[in-house]
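**Student:** Here the protein sequences come in this chain order: A and B.
Its first residue numbered 372, the first sequence is counted upward by one per residue in this note's numbering.
Its first residue numbered 6, the second sequence is counted upward by one per residue in this note's numbering.
Where a beta carbon is used, it is the ideal one built from N, C-alpha and C, also for glycine.
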Amino acid sequence: NAGVMQNPRHLVRRRGQEARLRCSPMKGHSHVYWYRQLPEEGLKFMVYLQKENIIDESGMPKERFSAEFPKEGPSILRIQQVVRGDSAAYFCASSRGTEYTGELFFGEGSRLTVL
Amino acid sequence: GDSVTQMEGPVTLSEEAFLTINCTYTATGYPSLFWYVQYPGEGLQLLLKATKADDKGSNKGFEATYRKETTSFHLEKGSVQVSDSAVYFCALSDQGFQKLVFGTGTRLLVSP
Numbered sequence: 372n373a374g375v376m377q378n379p380r381h382l383v384r385r386r387g388q389e390a391r392l393r394c395s396p397m398k399g400h401s402h403v404y405w406y407r408q409l410p411e412e413g414l415k416f417m418v419y420l421q422k423e424n425i426i427d428e429s430g431m432p433k434e435r436f437s438a439e440f441p442k443e444g445p446s447i448l449r450i451q452q453v454v455r456g457d458s459a460a461y462f463c464a465s466s467r468g469t470e471y472t473g474e475l476f477f478g479e480g481s482r483l484t485v486l
Numbered sequence: 006g007d008s009v010t011q012m013e014g015p016v017t018l019s020e021e022a023f024l025t026i027n028c029t030y031t032a033t034g035y036p037s038l039f040w041y042v043q044y045p046g047e048g049l050q051l052l053l054k055a056t057k058a059d060d061k062g063s064n065k066g067f068e069a070t071y072r073k074e075t076t077s078f079h080l081e082k083g084s085v086q087v088s089d090s091a092v093y094f095c096a097l098s099d100q101g102f103q104k105l106v107f108g109t110g111t112r113l114l115v116s117p
């Protein structure tokens, strides 16, 4: 499967635990984006990364959330000390570069449930 | 700020019926507009797009026209198939494509 791969697909955490979501972009893509979809809302931009660089994190909550895209390996979205309000679907997307095509390639999403 | 409003679902149709899913937007500049589709068990994928007023995007029998005067980008298809059952997301980009603003999605269910 050459598409964007996200794991885990479903994750259950108790309040105060840490959640780590992984995203492997499509082959040949070096740009990764994370979006969050809260219940009954649209997908909202969180962060845009290139290899080893955070380009735009304007949509990321200031506390408890972090993202990285190392030189080797998948992009990781990390949520520390999760709270019930973090329950959502987290979507990763990738693209080849910054040319304006409007086409992002999305993964199937990781659904986080905080008990 | 920028926003997208689309009709709530689910939209339930019989095969070969005509489909319209409404989408309106609010933006400060001149956005590009998109429809993405998510089939069951898959990620979102771009269905069609339009980058300026009066442009018509089309793909797989679906069409949408960028209407600046009504700030709308309604999705239409003349004859839906069971395989069109999916969630459809309207989106805009006003700051470069990496910052898409999405609507809440509309689920379409097509029965034989």
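Check for me: the beta strand (DSSP E) holding A/Asp427 runs from which residue to which?
**Tutor:** Asn424 to Asp427
**Student:** Between the region 78-90 of chain B and the region 10-29 of chain B, do three or more beta carbon pairs fall short of 8 Å?
**Tutor:** yes
**Student:** Using three-state DSSP, classify B/Val16 as helix, strand or coil.
**Tutor:** strand
**Student:** I believe B/Val9 touches B/Phe107 by the beta-carbon criterion, under 8 Å. Please report the beta-carbon distance rounded to the nearest angstrom.
**Tutor:** 6 Å
**Student:** Return yes when the Cβ of A/Gln408 is within less than 8 Å of the Cβ of A/Ser481, no when it is not.
**Tutor:** no
**Student:** Listing by chain order, which chain A residues have their CB less than 8 Å from the CB of B/Gln50?
**Tutor:** Phe476 and Phe477
**Student:** Cβ of B/Gly108 less than 8 Å from any chain A Cβ?
**Tutor:** yes
**Student:** Go to B/His79, then tell me how far its beta strand (DSSP E) extends in each direction, as first and last residue.
**Tutor:** No beta strand (DSSP E) contains B/His79, which DSSP labels as neither H nor E.
**Student:** Do you know whose CA, among B/Gly6, B/Gln11 and B/Asp60, lies nearest B/Thr111's CA?
**Tutor:** B/Gln11
**Student:** From B/Tyr30 to B/Lys65, what does the alpha carbon distance come to, in whole angstroms?
**Tutor:** The straight-line gap separating the alpha-carbon atoms of B/Tyr30 and B/Lys65 is approximately 24 Å.
**Student:** Does B/Thr75 pass the burial test, meaning 16 or more other C-beta atoms within 10 Å, or should it be called exposed?
**Tutor:** So B/Thr75 ends up on the exposed side.
**Student:** Closest Cβ-Cβ distance between A/Leu414 and chain B: below 8 Å?
**Tutor:** yes
**Student:** Do A/Cys463 and A/Gly444 come within 8 Å of each other at the CB atom, strictly closer than that value?
**Tutor:** No, these two residues do not count as a Cβ contact at 8 Å.
**Student:** Taking CB distances under 8 Å as the criterion, tell me whether B/Val42 reaches chain A.
**Tutor:** no
**Student:** Can you give me the Cβ contacts of B/Ser77 inside the same chain, cut-off strictly under 8 Å, excluding the 5 residues immediately before and after it?
**Tutor:** Asn27, Cys28, Thr29 and Tyr30
**Student:** Below 8 Å, how does it come out for the region 408-426 of chain A and the region 384-398 of chain A: are there three or more Cβ pairs, yes or no?
**Tutor:** Pairwise C-beta distances place the region 408-426 of chain A out of contact with the region 384-398 of chain A, as fewer than three of them are shorter than 8 Å.
**Student:** Since B/Gly83 meets chain A, which of its residues come closer than 7 Å, beta carbon to beta carbon?
**Tutor:** Those within 7 Å of B/Gly83 in chain A number zero; the least Cβ separation is about 25 Å.
**Student:** Between B/Leu105 and chain A, is the shortest Cβ-Cβ distance under 8 Å, so that the two count as touching?
**Tutor:** With a threshold of 8 Å between beta carbons, B/Leu105 makes contact with chain A.
**Student:** Measuring only between beta-carbons, confirm whether B/Gly46 sits less than 8 Å from chain A.
**Tutor:** A Cβ of chain A is located within less than 8 Å of the beta carbon of B/Gly46.
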